[in-house]
Structure formats: structure tokens, C-alpha cells
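Residue numbers (the working numbering): 4 to 101. Read the structure below first, then the notes.
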Amino acid sequence: MISLTQSPELIEKEKVGELYFPQNDVLDGPTEKTMRRVDIIQAMRLGNIERYKVKIIFEDTESIKMVNTTIWAVTEKKIVLKRGVVIPVHRIHSIKFF
């Protein structure tokens, strides 16, 4: 697991589809995973109602990355951004509201 003390690399949402995601979860505890799910659902609601953008901090095989975007849909295993771009839920460290 990569240290969260390093600054996430800001990328464009269009680049997310080019990334590779391991199968393991970046979070350990059930409480952290529950809070991540709550934040994802809240971000999706705000995105659909108010076109509200959030910062998504996530990790691929190489490093921690960040994307500023709107979450349009959520499934059990992934979040969906514009144009069908997806990020696996298990690779998301946090959602930041701004």
C-alpha cells in the first residue's frame, strides 16, 4: 500500500480509463469502508441534483491519484463518471467535498 502522505497526482477523468487497478481494497477497516460508501452516495446525489464536483482520491497500480469530477452513478463495485469512465470502489481512498 502506498503512503497517503505523498501528494496525489491530479489527472483528467479521461485518463482514468487507461489505468490498471489491483483487486485488493485500499482501506482496511469496516468503518472506513462504510464511511467511503456514505461519501460516494452523497457525492452522487449532489452530482445528479446540483452538478456538484468532488475530488476523488484513488490508487491504481502505480500511485495515488486524484480527479476532480462529478459522480453520475454508483454500483456495488464501481463509480461511474461522465462518458462511462469507471473507478472501482475498492480502490478509492476518499471523497473530498469542495
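Don't be surprised by glycine CBs; every beta carbon is placed ideally from N, CA and C. Note that the coordinates shown come from a computational prediction; the quantities given were computed from them, not determined experimentally.
- Excluding residues up to 5 positions away in sequence, I98 lie with their Cβ nearer than 6 Å to the Cβ of D42 in the same chain.
- Taking a C-beta distance under 8 Å as the contact criterion, I74 and L84 qualify as a contact pair.
- For L13, the three-state secondary structure derived from DSSP is strand.
- Taking the Cα positions, I59 is about 13 Å away from G50.
- DSSP places T37 inside the alpha helix (DSSP H), whose first and last residues are P33 to E53.
- Contact check for V92 and I82: beta-carbon distance about 6 Å, within the 8 Å limit, so the pair qualifies.
- The beta carbons of V89 and E62 sit about 15 Å from each other, so the pair does not count as a contact at 8 Å.
- Straight-line spacing of the CA atoms in I44 and A76 works out to 9 Å.
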